[in-house]
Structure formats: C-alpha cells, structure tokens
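For reference, the structure is listed below as structure tokens.
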Amino acid sequence: MNIALARQPAISLLGTTALLFEPPGEGMTLPVQQRIWALAETTASWPEVREAVPGMNNLMLAFEQPPRDLAALEARLVDAWHATRPLPLAGRVVELPVVYGGAGGPHLADVVAHTGLSIDEIVARHSAPLYPVYALGSHPGYCYLGGMDERIATPRRRVPVVSIPGGAVSIGGAQTGVSASAGPSGWNTIGSTSMRFFDAAAEPPAALRPGDFIRFHVQGVVR
Amino acid sequence: MIEVLSSAALASVQDLGRTGGLRWGVGTAGAMDDLALAAGNLLLGNAPGAAAVEIPVFPFEVRFTADCVFALTGADCAARLDAAALLPWWTHRARAGQVLTLGLPQGGAGRASRAMLCVAGGIDVPPALGSRSTQLRGAFGGHEGRALRRGDVLRAGATADGGGAGAATAPHGFGLVPPALALPLAVDGLPAVRVLPGAEYPAFEEASREAFWRTSWKITAQSDRYGFRLDGEALRPIAPMELRSHGIVPGVIQVPHGGQPIVQMRDAQPSGGYPKFGTVIEADLWRLGQAPIGSRVRFVEVDWAQALAALDEKAAWLDGVARLVALHRAAAIASTASPRT
C-alpha cells in the first residue's frame, strides 16, 4: 500500500447522524489527543455540526443536518486537522482512593493471570501514573483515561459482565477507567472507589472534563 | 393526568431525544419509534418535541384522572376505553375516571411492538439537560429517571394553542394511515431496514458481507432499548480488530468477537470499541424499533444519497400528516364553534 495514502486520516460514516474522524497512527498518545481537542474546538462551531465529541485519538462529529455535500465537509475537516496544533489543556487533579481486589475488584485475578505480574506489582503500576482524562463517553460522566502502563494491559472479557457497580475501577485492553454508574461492562474490574462523576442538575453535569487528571491513591489491597 | 394501573415493566416517558450531551457521556435516548411520536404530536397539535409514554409490554392500563384528549400511535394494541374499542392511529377523548387498556399488539407476523400514548399538551415531566426522555443508565429525565410503575401519576402539559392541561376540548375524532402502510419496506416478505456500510465493513470476510445482505436476522430475546442482539450467520473479520474507543450513535451495527451483530438502539451508549459493520439509517430506525423480539428482518445496502432520500421521504410523510391534521382540526373546531340548530 502507498505509505503516503495510509498516513491520511480516515473518515467514516455513522449513518446519516454523524461521522468519525480518525487520524493515522497506532496507540493512544497525548499529543494526538491534544490535537483532537483542538479539532473539536474548531469544528464545534461549524454550521453542519451539532456536537463535536472527542474519543480516544479520534473525533465524532454529530450532524445538525446531514450535509448534502459530504465531500466538501470531509475536505474541510482534513484541512482543519492539518492546521491544528496541540491544545495543551491542563485542568485540575482529582485524587481517587481505591481499594484494589476483593469484592470490589473481582477480576484482579484475571489481570494477574494474563500479565504474570503479582497483585502488588499490578497495584503499583496502576496507581503510579497521573492519568489525563482524554474524553468522556460510554455513560453519563464516564472518563476515558490515557497513559496506562502497557504492562498491565488485559483484553476485554470474552463475555461482558451484566452489571458492574458505579465506582468500579477497570482495565479494558490498554485503557483504564472508573464507571460512573452501574451498568454492563466488558472490562476487567480490579478495584473500587467512591466518587460522584455526574449530576444532571449541575452545570456542567459531568464532574470532570478532558484535560483534567485522575490519580489513583491506594487505600487498600484485598487479597 | 393519567395514573399507571399496570405493573408492566419498561414503559417510559420519551420525547425525540436529548442532544448536546454526548461529550458528557450522555446518550440521546428518545422514542424507539420517532415517527409514531411525531405523528401523535401532530395529531394533537402538540409541539414536535412533546413527550409521550412508550409502552413495550402488554397489557398496559392507565386511568385518566381528568378529562383529556389523547392519541394512540405505534403498535395497534386493540385498545379499549372502558368497554369501547378504540381505533389505532387516532385521536380520542377520555373523561375523568375512564380506564384505557392496551392489549397485545395485533397484525400477525408484521405487527409492531411498541405503542405510544400521546396526550394533548404532552407528558409534563421536568426537562433534564434539554429533554424529557428517560435516561435509564444515568437515572435522570422522564419520570424520576426510571421506567414507570403502578401508581405513577403523569401530568399533561398545556397545549400550544392555549388550552389547559390535557386540553379536554382539543379537536379529536380523526386519525391517520400508519406509516408502516404508507411507507412499506420489505424484502422477500420480511420487514427490511436500510444500512450504510461502516468503517470496518471492508475488514470482514467477503462471505460474511454477502451473507449479511442475503440472509434474514432474528431479533433475539436479549434485545431492548439499548440494543438489538441479532442471531444469524456469524460475521467473521478477516483479522481480529481492537479499536480505540470512539463515538457511536443509535443504529450502529457492532460485531463483537462472537460474530453476532448488535444494533445500537435509542438508549445506546455514546461510545464504543467493537468493529462497526454498518449503521441502520436514521430514517429507518423506527422500523427496527417496532420489530418484535423473535421476528426476522432483512438489511438493504444503501449509499449516502439514498440514505438522505429516505430522510426526505420520511419528512415528506410527516408534512403530509401535518396538512391532513390541519384540515381535520379546522373542521373539528368549526363544528364545535357553530351553534346547533
């Protein structure tokens, strides 16, 4: 395949409701995410765009009305991407006390089995980074975090769990996060915390925003 | 006002959905059959975004605690007001104390599965983040952020033309040809929905791509407002895919590792990571939303222009409804206003 072509961003349709913009490259990096934030800021005011929604190193544009001339919008989007510079958001740091393992971390053993690391090593590696909030999604108030130690990456579960509680700290592939309310999940839950991430009556309703940081503080380890 | 008499689970207050909250992780929710809701609101002279009660489980009973004009759209549930049979897709007036009963959906294999109970003035619950739709996962919106229960009391709002709550004197006694008849779409005798191929469509085996369009898909019992899990020939990727989490919308057809697709429905979460085979186009999501559990559907491939044309066709049908309703309402008001001789 032509390398120059492969380096172009990919744009795909989500029906007539939205499009998905994916810059080239593998993995999830903060510099790319900072450009995604910049692109979201630029495109949010476009007349075709109802909402610009950052994902993990990608961006969804939900349409106000589906554009009749899709090619023109796509070209404008690619041009805007090439013009973006990283937007270094630096929000507040939120410390979350976590109890790892036990009833609140039923899949810690699966992460041990997959990684071959000890519980202490997994807890140490998981609680070490200052995690930037890359994006919100999944369910109200949920934060996608960047920067997890790849050594503790563990594939999503073959069969999703019917319901995990709010405050569940989990690993899905190379990502980690904290569920904001009870619901189904395919991720491996390794611990729990208590934090209110969402209040529909608050302004804004989500407690965190992209560019904020989460640090997990080890409150306890149940073996 | 209406009081819920059934313990029937899963009925909920819905409007056309909540926009603008995706960046906080808030999905749109909204009526599974948006066309039934829009038509019901037109019949009653409501604002297009007025809320109604979506009913997926029957029988379902409510008591009117005040005089009220209402419309029934969506599934034809052999409705009765006390003992009197009611026409579907029609406007009616209830007196205080009367009981409305919705039975099992009628119409055999091609039956719809969800009824909409729309009231003049709309269901008056407090808007949350710009919408009255129930956000089940977030436990807000709708009636106390949850599905309705026996004993819940819902108020009707004031009507746009200045009538009181529930507009007991609003024009009524007319109705519509349902869109399933006016805008039919079937393949080999099965209900069909149109699909725009998605980002990972080319990454599936050719045999899987061909089977997707050629075979029928059963809507399994693990299907609800969040998503419809389908059963059919497993869709196999050429190579396994692990995607970065990204935004998704209702209609997106995800294929988990097992190969059985899941169509995201109105309560879909706003992001996901499974490969996307395609998206049921917005114009046809109401058709799928009405397909009963256990029934089979077919998928029809369309391109962008055809998907837009389908939206135009839907809008044109609603325009036609609006014109027809305007005539009926004018006639009803004239007959009410003229003195009897």
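In order, the protein sequence lines correspond to chains A and B.
Going by the working numbering, the first sequence opens with residue 1024, and the numbers climb by one from there.
Going by the working numbering, the second sequence opens with residue 934, and the numbers climb by one from there.
For glycine and all other residues, C-beta sits at the position ideal for the given N, C-alpha and C.
query	result
Residue from B/SER1064, B/ALA1016, B/ALA1080 and B/ASP967 with nearest C-alpha to B/VAL990	B/ALA1080
Chain-ordered chain B contacts of A/THR1040 [CB-CB under 8 Å]	VAL1182, PRO1183, GLY1184, THR1212 and GLU1215
Given 8 Å, three or more beta-carbon pairs between the segment 1141-1155 of chain B and the segment 1044-1057 of chain A	no
Simplified DSSP assignment, three categories, for A/LEU1153	coil
Residue(s) in a DSSP beta bridge with B/PRO1189	In DSSP, B/PRO1189 forms no bridge with anything.
Chain-ordered neighbours of B/GLY959 on chain A, where CB pairs are closer than 7 Å	Checking the sequence shown, residue 959 of chain B turns out to be Val, not Gly. Near B/VAL959 (Cβ distances below 7 Å), the residues of chain A are PRO1163.
Contact check, B/GLU1215 vs B/LEU1244, beta carbons under 8 Å	yes
CB contact check: A/ASN1080 to chain B, cutoff 8 Å	yes
is_contact[A/ILE1026, chain B] using C-beta, thresh 8 Å	Bear in mind that the predicted position of A/ILE1026 carries a pLDDT of just 45, short of 50, making it unreliable; the figure below should be weighed with that in mind. With 8 Å as the cut-off, A/ILE1026 does not count as an interface residue toward chain B.
Validate contact between the segment 1212-1222 of chain A and the segment 1049-1061 of chain B using beta carbons, cut 8 Å, 3 pairs	no
Test: B/THR952 CB closer than 8 Å to a CB of chain A	yes
Minimum C-alpha distance to B/LEU938 - residue among B/GLY1030, B/GLY1211, B/ALA1259 and B/GLN1068	B/GLY1030
Short Cβ contact (8 Å threshold) for B/LEU1109 with B/VAL1254	yes
Simplified DSSP assignment, three categories, for B/HIS1105	coil
Where the beta strand (DSSP E) through B/GLU1138 begins and ends	Taken as a continuous stretch (DSSP letters only), B/GLU1138 belongs to no beta strand (DSSP E), as it is neither H nor E.
Check: A/ILE1034 C-beta below 7 Å from any heavy atom of the ligand MG	What this structure holds is no ligand at all, so the ligand MG is not there to describe.
CB-CB length for A/GLU1071 against A/GLU1087, believed under 8 Å	6 Å
A/ARG1115, buried or exposed, once every other Cβ within 10 Å from all chains shown has been counted against 16	exposed
Range of the contiguous alpha helix (DSSP H) that encloses A/HIS1137	1131-1138
Contact set for B/TRP1219: own chain, Cβ-Cβ below 6 Å, skip 5 residues either direction	ASP966, ASP967 and LEU968
Buried versus exposed call for A/ALA1247 [16 or more other C-beta atoms within 10 Å across all chains shown]	Missing from the structure shown is residue 1247 of chain A; chain A here goes from 1024 to 1246 and no further.
C-alpha distance - A/ARG1091 paired with B/ALA1238, whole-angstrom precision	8 Å
Exposure label - A/GLY1209; buried when at least 16 CB within 10 Å	buried
Helix, strand or coil at A/ILE1142 [DSSP, three-state]	helix
Chain B contact for A/GLN1198 (CB, 8 Å cutoff)	yes
is_contact[A/ALA1225, chain B] using C-beta, thresh 8 Å	no
Chain B within 8 Å of A/ARG1073, Cβ atoms only	yes
Helix, strand or coil at B/TRP888 according to DSSP, with G and I counted as helix	Any property of residue 888 of chain B remains undetermined from this structure, which presents chain B solely from 934 to 1274.
Beta-carbon gap between B/ARG951 and B/GLY1075 smaller than 8 Å	no
Under 8 Å between C-beta atoms of A/ALA1063 and A/LEU1036	no
Expected contact under 8 Å - CB spacing of B/VAL1230 and B/VAL1086 to nearest Å	Between B/VAL1086 and B/VAL1230 the Cβ distance is about 37 Å, and since that is not below 8 Å, they are no contact.
A/ALA1158 and A/PRO1077 closer than 8 Å at C-beta	yes
Proximal chain B residues relative to A/PRO1089, where beta-carbon distance stays under 9 Å	GLU1215, TRP1237, ALA1240, LEU1241 and LEU1244
Span separating the alpha-carbon of B/ALA962 from that of B/GLN947	8 Å
Residues in the segment 1166-1181 of chain A having any Cβ partner in chain B nearer than 9 Å	CYS1166, TYR1167, PRO1178, ARG1179 and ARG1181
Start-to-end residues for the alpha helix (DSSP H) that takes in B/VAL959	Unbroken run through B/VAL959: none, as it is neither H nor E.
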